[in-house]
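Going from the sequence shown to our numbering is simple: count from 1 and add 107.
Even glycine gets a Cβ: it sits at the ideal position worked out from N, Cα and C.
Worksheet for the structure shown next.
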Amino acid sequence: MEYIAPWMPMPTATTNTYFIVIDDIWDTTAWEIIKFALLDNNLGSRVITTTRLHQVATKTGDVYKLEPLPHNLSEELFYKILSDGKGKCPYDQPSEVSKKFLQKCAGVPLAIIAIASLLRDKPMENWSTLYSSIGFGNGDNKDIDDMRRILMFSYDDLPYHLRPCLLHLSIFPEDALIMKDTLIWMWVAEGFVHEEPGIGLFEIGERYFNDLVNRSMLLPVERKQDNAIDACRVHDMVLDIICLLSKEQNFVTILDSNGKYSSSQSKARRLAVQTRDEEQHNHLVNKSMPKLRSCYASMCHISMMPSLSCFQVLRVLDMKNCKFLENCHLEHLGKSHLLRYLSLENTNISELPKDIGDLKFLQTLDLRNCKIKGLPQSTSLLRKLKCLRVGSDLWCNHRIEHIDIEAPNWIGNLTSLEELSLKISGEFSTFVEGLGKLTELRVLDCHLRGGLDDRSKKTFVGSVCKLKKIQILHLEGLYGWSELEADTYWAGYKPPRGLRDLSMSSTFSRLPAWINSSQLPNLSKLKLDLYHFEEPDVVNLGGLPKLCDMGSLWIDSYIEFPDGAFPKLRYCAIHAPFWFLPGSMRSLECITFRFRTMWYMRDAVIDFDFISTLVNLPSLRWVFANIDCHGARASDVEKMEAAVRQAIDNHPNHPTLDLDMSGDPRFHDDDDNRVRQEPDPEQKNQDQSHEGQASDSSKADQMPDDEREANDVDVDAAEKCSVLDVHPSGPVSCLSFGMSAPPPARTTATGVGSSAQAINEKEEEEEESQADRQEEPAAEEHQEAEDGSAETTPPETLHTVVATSLAESSEAAAATPAPPVPARPRWRPWACFSCLKSGSSSSH
108 MEYIAPWMPM PTATTNTYFI VIDDIWDTTA WEIIKFALLD NNLGSRVITT TRLHQVATKT
168 GDVYKLEPLP HNLSEELFYK ILSDGKGKCP YDQPSEVSKK FLQKCAGVPL AIIAIASLLR
228 DKPMENWSTL YSSIGFGNGD NKDIDDMRRI LMFSYDDLPY HLRPCLLHLS IFPEDALIMK
288 DTLIWMWVAE GFVHEEPGIG LFEIGERYFN DLVNRSMLLP VERKQDNAID ACRVHDMVLD
348 IICLLSKEQN FVTILDSNGK YSSSQSKARR LAVQTRDEEQ HNHLVNKSMP KLRSCYASMC
408 HISMMPSLSC FQVLRVLDMK NCKFLENCHL EHLGKSHLLR YLSLENTNIS ELPKDIGDLK
468 FLQTLDLRNC KIKGLPQSTS LLRKLKCLRV GSDLWCNHRI EHIDIEAPNW IGNLTSLEEL
528 SLKISGEFST FVEGLGKLTE LRVLDCHLRG GLDDRSKKTF VGSVCKLKKI QILHLEGLYG
588 WSELEADTYW AGYKPPRGLR DLSMSSTFSR LPAWINSSQL PNLSKLKLDL YHFEEPDVVN
648 LGGLPKLCDM GSLWIDSYIE FPDGAFPKLR YCAIHAPFWF LPGSMRSLEC ITFRFRTMWY
708 MRDAVIDFDF ISTLVNLPSL RWVFANIDCH GARASDVEKM EAAVRQAIDN HPNHPTLDLD
768 MSGDPRFHDD DDNRVRQEPD PEQKNQDQSH EGQASDSSKA DQMPDDEREA NDVDVDAAEK
828 CSVLDVHPSG PVSCLSFGMS APPPARTTAT GVGSSAQAIN EKEEEEEESQ ADRQEEPAAE
888 EHQEAEDGSA ETTPPETLHT VVATSLAESS EAAAATPAPP VPARPRWRPW ACFSCLKSGS
948 SSSH
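Here it is, written out as C-alpha cells:
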C-alpha cells in the first residue's frame with residue numbers, strides 16, 4: 108500500500124470529468140484508499156476496476172463478469188500460436204485432443220496461449236499423453252486451479268537450464284518493466300548462462316531469453332520503430348507461480364510491503380527488497396545472512412541495508428535508484444571479492460572506492476546517471492569486466508546537466524569488454540588508441556564531449572575498424588568533423604556483416620559507399636546526417652533488406668523515394684522535403700518530419716504538394732510533424748499547417764497526427780505589402796533572441812529623421828528572404844543575403860530610405876558601372892525617397908540588400924563605396940544569410 112498512498116491526490120473541487128482504469132485490485136483496503144481520492148462531482152465520470160476476487164468486485168460497484176472467449180475466437184487464438192501468427196490450423200484437420208485442450212482452457216486467453224505455446228514444439232501424436240499428464244482442478248476456484256496446473260506443466264516442460272532463469276524473475280515486483288540487456292547480464296553474473304565454444308555469454312543468454320518469450324512465459328515489449336524486443340514483463344499468473352516455486356525451493360527471498368519474508372532469512376541465497384518503507388529497516392539491518400549471494404535492493408532506502416562487510420559471498424549487488432546512497436556506503440565494497448554484478452545507476456555516488464580493482468571477478472559495472480566524473484586507476488585491473496556503462500545526462504533545475512568522466516587512458520586493458528557505453532571528455536589520444544584493443548566489443552556507445560585533433564581522428568577510425576564483432580555502433584559528439592574529413596577518414600571503413608544498429612553524428616557529403624545491402628545485410632537501424640542524397644544513394648539505402656528504423660536523416664535536398672524502396676522500413680525521421688512515389692515504403696507505420704518554413708520560401712516555392720504524397724504510404728498510422736516558424740511569414744506557416752492537415756485527412760488510414768510548432772513568425776501580411784514586424788524597444792528584455800534588433804530600433808527612434816531614413820532597410824525589396832535576424836557585437840556595416848528566384852515586381856512603399864532607394868536604382872541599372880553608382884549623391888537619393896513616387900522593378904535575380912551602419916550619417920553612407928556582391932554559398936539549414944562587418948564575412 109505504500110506505493111499507492113503518496114501519489115493519490117486529495118479530493119478537490121473540480122469541473123472536469125475523468126475516466127480511470129485501475130487494474131488488478133487484490134483487497135478492499137486498497138480500494139478504500141483509492142476511492143477516497145476519487146471525487147464524485149456528478150459530472151458523469153467513470154472508474155473501471157479489475158480484480159480476480161469476487162468479494163473485492165462487489166465492494167467497488169456494479170460487477171461485470173468478463174465472459175470467456177467464444178469457441179471460434181478461442182480456436183483462432185489457439186491456431187495462431189501454433190502456426191506462428193498465421194491463424195490457421197497447421198495440420199490437415201483439427202485433432203480431437205486439440206478440441207479437448209480448448210474445452211479445458213474454457214476461453215481463458217492466458218491458458219490458451221500457454222497450452223498452444225507448449226504444444227507448438229511437440230509432435231501431434233504425443234498430445235494425448237500431454238493432456239492426460241496435466242490434470243485439471245474441480246475445486247471452488249476451478250478456473251484458477253486449472254490455469255495454475257497448465258502453467259505448472261509449462262514450467263515442468265522447460266529445459267533445466269531455463270528453469271533458474273524463469274525463477275529469477277521473482278525478484279521483480281508485479282508489472283515491472285524488465286530491460287532485456289540488464290536481465291541477461293544478471294543471469295550471466297548468477298551463473299545461469301553456460302559457456303559454449305565460440306559464442307559470447309551474452310549471446311547465449313539472449314537465446315535463453317528468446318526461448319522463454321517463445322514459450323509465452325515472458326511478455327515481450329517491442330519497440331514500435333523496428334519490432335525489436337528490448338524489454339519484457341511477467342504475467343501476473345506466471346509471477347504467482349514462480350514466486351511460489353521460488354519460496355518452496357529457497358531460490359529467492361522476498362521482503363514485501365508488509366515487512367515479511369517469503370522464506371527464512373538466515374538461509375537466504377537471493378534477497379529481493381520490494382518495499383520502500385524505511386521504517387521496516389530493522390528487518391534487514393539486524394539480520395545475519397551469511398549465505399547471501401545476490402541482493403536486489405532497487406529503489407529502497409539505504410537505511411534498510413546492512414553494511415557491505417556483512418556480505419562475504421555476494422555475487423550480485425543491484426542498488427539502482429537506491430535513496431540517499433552516498434560514497435561512504437561503499438566503504439567495504441572491495442571486500443566483496445566474488446562480486447560479479449554491480450549497479451549504482453541513478454544514485455548520488457560521485458566517487459568509487461580505490462579498492463574497486465580488488466573485484467577481480469566483476470563482469471558488469473553500471474554507473475549511468477551517477478555523479479561520477481572519473482574512474483579510479485585501479486579500474487584497469489578488472490580484466491574480466493564484460494559490460495561497462497558510465498556517463499550521465501541528469502535533469503537538474505529545468506535543464507539537462509551533462510556529467511562526463513575523464514577519458515580513461517587505460518581502456519585498452521579491459522580486453523574482455525563486450526559492451527562499452529561512455530560519455531567522456533578531456534584528452535582522447537590514448538583512449539582512441541586503446542579502443543582498438545577491445546576486439547570482443549559487441550556494443551559501443553561512445554559520446555565524446557570535445558574535439559579530436561587530426562591524428563586522433565585517424566586513430567579513432569582505425570580503432571573502430573578493428574572491432575570485427577561489433578553489432579551496435581553509436582558514435583556521438585563528432586560534430587566538429589567537416590564533410591571532407593568525414594568522407595575521407597571513413598571512406599575505407601569495412602563494417603562487419605553483423606552490424607545491426609549504426610548511429611553517427613558526423614556529417615557526410617554523400618552516403619558512404621560501404622552502406623549497401625552486400626556489406627550491411629543485417630542493418631536494421633540507421634541514424635545519419637547527409638548533405639546530398641541522390642538517386643544512387645536512394646538505391647543503396649532503400650535496398651537494405653532489414654532496415655526498419657531510419658532516424659534523424661538530415662538531408663539538404665529534395666528526396667524522391669521510388670517504388671519498391673525500403674520494403675521493411677517501419678519508422679522514419681526525416682528533415683528534408685520528400686516525395687513518396689506509389690509503392691515506396693509499404694511497411695512504414697510512423698513518420699517524423701520537421702519543416703523550417705523559410706527553407707521552402709527561399710526559392711519562392713510556396714506550394715507544398717510534396718506533403719500530399721503521404722497518401723502513398725499504405726501502412727501509415729502515426730505522423731509527428733514539427734513546423735519551425737522562425738523567420739517565416741505567418742501566412743506561409745498557415746499554408747504549411749493546412750497542407751499537413753489536408754494530407755492526413757486525405758489518407759485512407761486517417762493516421763494520428765501530432766503537430767507541433769516552434770518559433771514565432773517574423774513576418775506578417777499587411778494589405779498588398781509584406782513588411783518586417785519590428786519589436787517594440789520596451790520588449791527587448793522579453794525577447795532575448797532579438798535583443799540586437801530591438802536595440803537598433805531604439806537607437807533609430809532617437810536619431811534625426813534624415814539620419815533614420817538613411818539607415819532604413821528595404822525588407823520589401825527582399826520579400827522572398829525568410830530571415831533578417833542579425834546579432835553582431837557592434838553596429839552592422841552591411842547585411843547581405845542571397846536568393847535564387849526573383850520576387851514579383853511591385854511598387855515601392857512611400858518613404859523608403861535613401862539606402863533602399865539606392866539599392867533599387869542600382870538593381871534597375873545593372874548595366875551601369877559600379878563607379879557611376881557610387882558617385883550618386885546621397886541628397887538627391889533622399890529627395891527622390893521623399894517624393895515617394897518612384898516605382899522599381901527588381902531584376903531577374905536579387906543579389907544583395909545593404910543596410911548602412913546606424914552610426915553613419917546619410918552623407919557618410921553615400922560616400923562609402925558599395926561592398927562587392929558576395930557569391931551565394933551552398934545552402935545550409937543553419938546558414939540563412941551572411942553578416943558582413945569591417946570588410947570580413949562570417950556566417951550566422
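*Could you tell me how far apart the beta carbons of Arg-422 and Leu-446 are, in whole angstroms, since I believe they sit closer than 8 Å?*
Mapped onto the sequence shown, residue 422 falls at position 315. Mapped onto the sequence shown, residue 446 falls at position 339. Contact holds; Cβ gap of about 6 Å.
*Unbroken alpha helix (DSSP H) run spanning Arg-701, endpoints*: In the sequence shown, the residue the question calls residue 701 occupies position 594. Premise fails: Arg-701 lies in the beta strand (DSSP E), 697 to 703, not in any alpha helix (DSSP H).
*CB of Arg-314 to nearest heavy atom of the ligand MN: below 6 Å?*
The ligand MN is absent from the structure shown, which contains no ligands of any kind.
_Residue of Tyr-596, His-581, Leu-548 minimising C-alpha distance to Leu-559_ = On the sequence shown, residue 559 is found 452 positions in, with the first residue counted as 1. Per the Cα distances, Tyr-596.
*asked:* If I measure Cβ to Cβ from Leu-766 and keep anything under 6 Å in the same chain, skipping five residues before and after, which residues do I get?
replied: Start at 1 with the first residue of the sequence shown, and residue 766 comes out as number 659. Hits under 6 Å: Ala-732.
*asked:* In this structure, how does DSSP classify Pro-327 when only helix, strand and coil are distinguished?
replied: Numbered from its first residue, the sequence shown carries residue 327 at position 220. Of the three classes helix, strand and coil, the one that applies to Pro-327 here is strand, per DSSP.
*For Ile-698, does the count of other Cβ atoms within 10 angstroms reach 16, so buried, or fall short, so exposed?*
In the sequence shown, residue 698 corresponds to position 591, counting from 1. Taking every protein chain shown into account, the CB of Ile-698 has 16 or more other CB atoms within 10 angstroms, so this residue is buried.
*Name the DSSP beta bridge partners of Lys-653, please?*
Position 546 of the sequence shown holds residue 653. None, per the DSSP bridge assignment.
*With a floor of 4 residues, list each alpha helix (DSSP H) that falls wholly inside the stretch 278 to 344, ordered by position along the chain.*
Listed in chain order, the complete alpha helix (DSSP H) runs (minimum 4 residues) inside the stretch 278 to 344 are 287 to 297, 308 to 321.
*When the distance is taken between beta carbons, is Leu-627 closer than 7 Å to Leu-606?*
Within the sequence shown, the letter at position 499 stands for residue 606. Within the sequence shown, the letter at position 520 stands for residue 627. Cβ atoms of Leu-606 and Leu-627: closer than 7 Å.
*Whole angstroms is fine: what's the gap from Ile-531's alpha carbon to Gly-584's?*
Numbered from its first residue, the sequence shown carries residue 531 at position 424. Numbered from its first residue, the sequence shown carries residue 584 at position 477. When rounded, the distance between both Cα atoms is 10 Å.
*asked:* So, does the stretch 295 to 312 touch the stretch 201 to 217, judging by three or more C-beta pairs under 8 Å?
replied: no
*Give the single residue among Glu-547, Lys-573, Leu-226 whose Cα lies nearest to the Cα of Asn-321.*
As a first step, residue 321 is located in the sequence shown; it is residue number 214 there, counting from the start. Of Glu-547, Lys-573, Leu-226, the residue nearest in Cα terms is Leu-226.
_Tell me the DSSP secondary structure of Asp-561 in three-state form._
The sequence position of residue 561 within the sequence shown is 454, counting from 1. In this structure, Asp-561 counts as helix in the three-state DSSP scheme.
*Label Leu-173 either buried or exposed according to how many other C-beta atoms from any shown protein chain fall within 10 Å of its C-beta, with 16 as the threshold for buried.*
Residue numbering aside, residue 173 sits at position 66 when the sequence shown is read from its first letter. With fewer than 16 other Cβ atoms within 10 Å, it is exposed.
*Quick one: residues in its chain with C-beta nearer than 7 Å to the C-beta of Met-259, no 5 flanking neighbours on either side, listed in chain order?*
Translated into the one-based positions of the sequence shown, residue 259 becomes position 152. Ile-348.
*asked:* Between the alpha carbons of Ile-713 and Asp-743, how many angstroms are there, rounded?
replied: Your numbering for residue 713 matches position 606 in the sequence shown. Your numbering for residue 743 matches position 636 in the sequence shown. Legend: pLDDT at Ile-713 = 47, less than 50; position of this residue unreliable, value from coordinates given subsequently. Roughly 7 Å separates the two Cα atoms.
_C-alpha gap between Pro-725 and Ala-338, whole angstroms_ = Numbered from 1 along the sequence shown, position 618 holds the residue referred to as residue 725. Numbered from 1 along the sequence shown, position 231 holds the residue referred to as residue 338. Distance between the alpha carbons of Pro-725 and Ala-338: 29 Å.
*Helix, strand or coil for Cys-407 per DSSP?*
For the purposes of this step, residue 407 is identified with residue 300 of the sequence shown, where counting begins at 1. Looking at Cys-407 - three-state DSSP - the assignment turns out to be coil, as it is neither helix nor strand.
*DSSP on Ala-732, reduced to helix/strand/coil?*
Locating residue 732 in the sequence shown gives position 625, counting from the first residue. Correct three-state label for Ala-732: strand.
*Closest by CA to Tyr-125, which one among Ser-536, Asp-134, Asn-148?*
Translated into the one-based positions of the sequence shown, residue 125 becomes position 18. Here the closest residue by C-alpha is Asn-148.
*For Asn-723, I'd like the list of residues in its chain whose CB is within less than 7 Å of its CB, leaving aside the five on either flank, ordered along the chain.*
Taking the sequence shown and counting its residues from 1, the one referred to as residue 723 is at position 616. Counting only Cβ-Cβ distances below 7 Å, and skipping sequence neighbours, we find Phe-687, Leu-688, Pro-689, Ser-691.
*Can you name the start and end residues of the alpha helix (DSSP H) that Ala-218 belongs to?*
Your numbering for residue 218 matches position 111 in the sequence shown. Here the alpha helix (DSSP H) through Ala-218 covers 216 to 226.
*Where does Trp-588 fall in DSSP's three states?*
Taking the sequence shown and counting its residues from 1, the one referred to as residue 588 is at position 481. Looking at Trp-588 - three-state DSSP - the assignment turns out to be coil, as it is neither helix nor strand.
*Cβ of Gly-533 within 7 Å of Cβ of Glu-513?*
Locating residue 533 in the sequence shown gives position 426, where the first residue counts as 1. Locating residue 513 in the sequence shown gives position 406, where the first residue counts as 1. Taking 7 Å as the Cβ cut-off, Gly-533 and Glu-513 qualify as a contacting pair.
*Verify whether the separation of the beta carbon atoms of Cys-429 and Thr-454 is less than 7 Å.*
Within the sequence shown, numbered from 1, the residue matching residue 429 stands at position 322. Within the sequence shown, numbered from 1, the residue matching residue 454 stands at position 347. Their beta carbons are under 7 Å apart, which means Cys-429 touches Thr-454 by this criterion.
*May I have the straight-line CA-CA distance separating Arg-496 from Leu-555, to the nearest angstrom?*
Taking the sequence shown and counting its residues from 1, one reaches residue 496 at position 389. Taking the sequence shown and counting its residues from 1, one reaches residue 555 at position 448. Looking at the two C-alpha atoms, the distance is approximately 14 Å.
_Arg-153 - DSSP class collapsed to helix/strand/coil_ = Along the sequence shown, one-based indexing puts residue 153 at 46. Strand at Arg-153.
*Determine the direct distance from the alpha carbon of Gly-671 to that of Gly-557, and round the result to whole angstroms.*
Counted from its first residue, the sequence shown places residue 557 at position 450. Counted from its first residue, the sequence shown places residue 671 at position 564. Linking Gly-557 to Gly-671 through their CA atoms gives a straight-line distance of about 41 Å.
*What's the C-alpha gap between Gln-356 and Ala-223?*
In the sequence shown, the residue the question calls residue 356 occupies position 249. In the sequence shown, the residue the question calls residue 223 occupies position 116. Gln-356 and Ala-223: Cα-Cα distance of roughly 28 Å.
*Evaluate Lys-461 with the Cβ neighbour count: other Cβ atoms within 10 Å of its Cβ, from every protein chain shown; 16 or more gives buried, anything less gives exposed.*
As a position in the sequence shown, residue 461 is number 354, starting the count at 1. Result: exposed.
*Could you check what DSSP says for Glu-882 in three-state terms: helix, strand or coil?*
For the purposes of this step, residue 882 is identified with residue 775 of the sequence shown, where counting begins at 1. Bear in mind that a pLDDT of 45 at Glu-882, under 50, signals an unreliable position, so the number given afterwards is only what the model happens to contain. Here Glu-882 sits in coil by DSSP.
*Where do the ends of the alpha helix (DSSP H) carrying Ser-205 lie?*
Mapped onto the sequence shown, residue 205 falls at position 98. Looking at the DSSP string, the run of the alpha helix (DSSP H) that includes Ser-205 is 203 to 212.
*asked:* I need the boundaries of the alpha helix (DSSP H) containing Cys-272, first residue and last residue.
replied: The count along the sequence shown starts at 1 and reaches residue 272 at position 165. Note, Cys-272: alpha helix (DSSP H), 270 to 274.
_Cutting at 6 Å between CB atoms, please list the residues of its own chain near Val-341, excluding the five before and the five after it._
Position 234 of the sequence shown holds residue 341. Within the same chain, Val-341 has close Cβ partners Leu-276.
*Coil, strand or helix - Asp-473 by DSSP*: If you number the sequence shown from 1, residue 473 lands on position 366. Reduced to three states, the DSSP call for Asp-473 is strand.
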